[in-house]
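A.B. asks: Take a look at this one; I'll ask things after.
Protein chains in written order, with the numbering used here: chain A, -14 to 377; chain B, -14 to 377.
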């Protein structure tokens, strides 16, 4: 397809939820994401595709009978991390609608229903648990537990949704024939416009609560302090070092300090560890090593540390036969793993799932600087249309 | 005086602005502090003391002609650090009213005007600059600059005050004969109920802006990262180590992270250094050493660091003759320095100034656990009444 057609549809959503940083503040079920959901319904209407909601916050626009046997789903998510890029998520939804236009223009009639899906809360940017929508749809999380997740203003997911989530779709495995998620690549690993995913690294989030003794920053003797900021700082450096040693990825990028005042030694520093590795054993031993070093340092600082696992995604291997088939269809497109989590990874436990990646020239993602060339995005639409025509 | 009388007046303000942590959220010109200012006017009314405002947000309750020549001021501040203790500040104001009661009961007639003062924004907890009220009164800060200081919601000090601050009091040095501020001691250095201040350590706040490259925490190779959290963490530990080596105090207790998301490498980490030492040369070389180590580490992390001095308080030596005289009056009360900043320190550059300290059994301050025994507080009132009777 032409870059021009891609760019025209892309321009419709480009300004929605964009902050002065150039990045996006699109949080699940919050104002800009609700505008995007309206845009989704609108796009579906324009194409005579009825929209259904699964009661979990996920939207589906149907070409063919809703939830008819063996349906093929394609899409992604609208929500962003705070000040994230505009491609991570929305590219998969915009490309899905354009692929359908292309399939129709080519006279394709699907043999099974085809749906464009918009998953809710993929980033966990509002309620803290990534892939919340696909976890609910697939039964990987208890609906009551999901309903009780809170955002930073104390609003629960249930309140934002307006109901307790419906939970897993009955007969999911017979209703969904396949899911194909198109996504911007995020690791500077793709040197051609389009690739196919092989696997997702296992990954998780751990909360480290460092507690000490709140006191006056000016008057408290250095030797009398029990300052949890020191233990946090040591742990940040230890996590980085351990990840480098083990060939894994570890990041501590989010921190909450109480009281967070210049002249008051904190009573609490809470930091989150994001850890990923090519296999579960490596990831587990990384987290264990970081915990051990944090605990040792806490002993020296007179502080305490408590570690809580907040989310855990096992290693995902996408359907190998399907990946090979799609790669072949796309002229032997490269097959590559990713260390980013995706809704497709969650659903891969139950149904045949594949991902297409669109080249990211800088590899930058979760940042205002995230970018894909319009020509590569157009090539992504072409590839998706070819794949969906084959699968339906 | 009896502990009972002290405790009764203390109880009137004890609940105002107290959070569930047990600490206080009393920010300058914000709800709980406005309630305390009303309480101040009420206490003044009860004692037939007219209240004036200096146009900078500082309140004065007068026994005798307002701003009559050689007036003696006594008091402190109402505002707290976030979740700070209730004694730091308010003890000096409550004690001032009770000392006046005691002087009147003893039939004292002051020969010069005596005023109870409540300084505004001593902690810098809302607008970031400590001792803002006393700096304005004494001309140590430009009123337009003070008016433009913003709180975290973007409200300026000028807006909160309802006007551009009036700035320095004309003829301050002839109008103020002396200032005596009573304050809870904050360093576990006082083993009797009441002491007299000798000096305040020089101290200041420096903002460290660590900038890097926002990116995906999962997919970015460790070797490709430019993560400012690492540079921040290293600097926290370096500041602690340098302070220990030089016998100074250094704290990094406040941090702001952008975007502060678990799965996004930050583009910016902003941390504040609070540094204090017995002399300016030691403090300066401490800050220099921390800056040098932060800059070196930034080079290794591929990040950048910019250091901005946000406030600086020179070494204060209180009027030595006055301190000796007060110590003598109080039965050779110990004379001791402090590393905490105070409005009395700011005014000491222009007028004779003294401070009385009330024992703090744990030394804890800027924390919900801050505490003084009622008996020691009552002894503080007695001492203040003796001192004010002598000075007026």
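Where a beta carbon is used, it is the ideal one built from N, C-alpha and C, also for glycine.
Could you tell me if residue 331/B is buried or exposed, where buried requires 16 or more neighbouring beta carbons within 10 angstroms of its beta carbon?
C.D. replies: Looking at its Cβ environment, which holds 16 or more other Cβ atoms inside 10 Å, residue 331/B is buried.
A.B. asks: Between 296/A, 70/A, 312/A and 297/A, which has its C-alpha nearest residue 4/A's C-alpha?
C.D. replies: Selected option, being the one with the closest Cα: 70/A.
A.B. asks: Between residue 214/A and chain B, is the shortest Cβ-Cβ distance under 8 Å, so that the two count as touching?
C.D. replies: Closer than 8 Å to some Cβ of chain B, the Cβ of residue 214/A qualifies, so yes.
A.B. asks: Within 8 Å of any Cβ in chain A, is that where the Cβ of residue 196/B sits?
C.D. replies: Cβ-Cβ to chain A under 8 Å: no for residue 196/B.
A.B. asks: Taking Cβ-Cβ distances below 8 Å as the criterion, which residues of the segment 341 to 355 of chain B are in contact with chain A?
C.D. replies: Here the close residues are 348, 349, 350, 351, 352, 353 and 354.
A.B. asks: Please compile the residues from chain B whose C-beta is within a distance smaller than 7 Å of the C-beta of residue 219/A.
C.D. replies: By Cβ distance, chain B contributes 222.
A.B. asks: Distance check for residue 21/A and residue 230/B, CA to CA, integer angstroms please.
C.D. replies: Those two C-alpha atoms are separated by around 56 Å.
A.B. asks: List the residues of chain B whose Cβ lies closer than 7 Å to the Cβ of residue 229/A, in chain order.
C.D. replies: The contacting residues are 207.
A.B. asks: If we require 3 or more residues per run, which beta strand (DSSP E) segments fall completely within the segment 252 to 291 of chain B?
C.D. replies: Listed in chain order, the complete beta strand (DSSP E) runs (minimum 3 residues) inside the segment 252 to 291 of chain B are 253 to 261.
A.B. asks: If we define contact as Cβ-Cβ less than 8 Å, is residue 322/B a contact residue for chain A?
C.D. replies: For residue 322/B, the answer is no, since every Cβ of chain A falls outside 8 Å of its Cβ.
A.B. asks: Determine whether the beta carbon atoms of residue 152/B and residue 321/B lie at a separation below 8 Å.
C.D. replies: Cβ distance not < 8 Å, so residue 152/B and residue 321/B don't count as in contact.
A.B. asks: Would residue 326/B and residue 205/A qualify as a contact pair, given that the criterion is a beta-carbon distance under 8 Å?
C.D. replies: No.
A.B. asks: Compare the C-beta of residue 201/A with all C-beta atoms of chain B and state if any pair is closer than 8 Å.
C.D. replies: Yes, because at least one Cβ of chain B sits closer than 8 Å to the Cβ of residue 201/A.
A.B. asks: Could you check whether the Cβ of residue 237/B sits closer than 8 Å to any Cβ belonging to chain A?
C.D. replies: Residue 237/B counts as touching chain A.
A.B. asks: If you reduce the DSSP assignment to three classes, tell me which class residue 73/A lands in.
C.D. replies: Coil.
A.B. asks: DSSP three-state call for residue 318/B: helix, strand or coil?
C.D. replies: It is coil, neither helix nor strand.
A.B. asks: For a quick check, are the C-beta atoms of residue 215/A and residue 254/B less than 8 Å apart?
C.D. replies: In this structure, residue 254/B does not lie closer than 8 Å to residue 215/A by Cβ.
A.B. asks: Could you tell me whether the segment 107 to 127 of chain A touches the segment -13 to 3 of chain B, where touching means 3 or more Cβ pairs closer than 8 Å?
C.D. replies: With a cut-off of 8 Å, the segment -13 to 3 of chain B and the segment 107 to 127 of chain A do not count as touching, because too few Cβ pairs lie within range.
A.B. asks: Are residue 224/B and residue 258/B touching if we call contact CB-CB under 8 Å?
C.D. replies: Yes; because the gap between Cβ atoms is below 8 Å, this pair is in contact.
A.B. asks: Which partner residues of residue 166/A appear in the DSSP bridge assignment?
C.D. replies: Looking at the DSSP assignment, residue 166/A forms a beta bridge with 340/A.
A.B. asks: With a threshold of 8 Å between beta carbons, is residue 67/A in contact with chain B?
C.D. replies: True, the Cβ-Cβ gap to chain B drops below 8 Å.
A.B. asks: For residue 267/B, I'd like the list of residues in its chain whose CB is within less than 6 Å of its CB, leaving aside the five on either flank, ordered along the chain.
C.D. replies: The residues are 231 and 233.
A.B. asks: Rounded to whole angstroms, what is the Cα-Cα separation between residue -3/B and residue 80/B?
C.D. replies: Approximately 13 Å, taken between the alpha carbons.
A.B. asks: Exposed or buried, what is residue 177/B when buried is set at 16 or more other beta-carbons lying within 10 Å of its beta-carbon?
C.D. replies: Its Cβ having fewer than 16 others within 10 Å, residue 177/B is exposed.
A.B. asks: Would you mind sorting residue 288/B into buried or exposed? The rule is 16 or more other CB atoms within 10 Å of its CB.
C.D. replies: Burial call: buried.
A.B. asks: Using three-state DSSP, classify residue 3/A as helix, strand or coil.
C.D. replies: In the structure shown, residue 3/A sits in a strand (DSSP, three-state: E or B).
A.B. asks: Report yes or no: is there a C-beta of chain A within less than 8 Å of the C-beta of residue 262/B?
C.D. replies: Taking Cβ atoms only, chain A never reaches closer than 8 Å to residue 262/B, which makes this a no.
A.B. asks: Could you confirm whether any beta carbon from chain A is found closer than 8 Å to the beta carbon of residue 326/B?
C.D. replies: It does; some Cβ of chain A falls within 8 Å.
A.B. asks: Going along the chain, which residues of the segment 285 to 309 of chain A sit with their C-beta nearer than 8 Å to a C-beta in chain B?
C.D. replies: Under the 8 Å Cβ criterion, the segment 285 to 309 of chain A contributes no residue.
A.B. asks: Using beta carbons (cut-off 8 Å, strictly below), is residue 62/A in contact with chain B?
C.D. replies: It does not; no Cβ of chain B falls within 8 Å.
A.B. asks: Kindly indicate if chain B contains any beta-carbon less than 8 Å away from that of residue 250/A.
C.D. replies: Closer than 8 Å: yes.
A.B. asks: Could you work out which residue in 241/B, 333/B, 27/B and 52/B is closest to residue 194/B when comparing CA atoms only?
C.D. replies: When only C-alpha atoms are compared, the closest one is 241/B.
A.B. asks: What did DSSP end up calling residue 334/B once you bin it into helix, strand or coil?
C.D. replies: Three-state DSSP puts residue 334/B in coil, outside helix and strand.
A.B. asks: Would you verify that the beta carbon of residue 168/B is, or is not, closer than 8 Å to some beta carbon of chain A?
C.D. replies: Closer than 8 Å: no.
A.B. asks: Using a Cβ-Cβ distance under 8 Å, would residue 243/B count as near chain A?
C.D. replies: Taking Cβ atoms only, chain A reaches closer than 8 Å to residue 243/B, which makes this a yes.
A.B. asks: Less than 8 Å between C-beta atoms, sequence neighbours within five positions excluded: which residues of the same chain meet that for residue 309/A?
C.D. replies: Excluding sequence neighbours, residue 309/A sits near 320.
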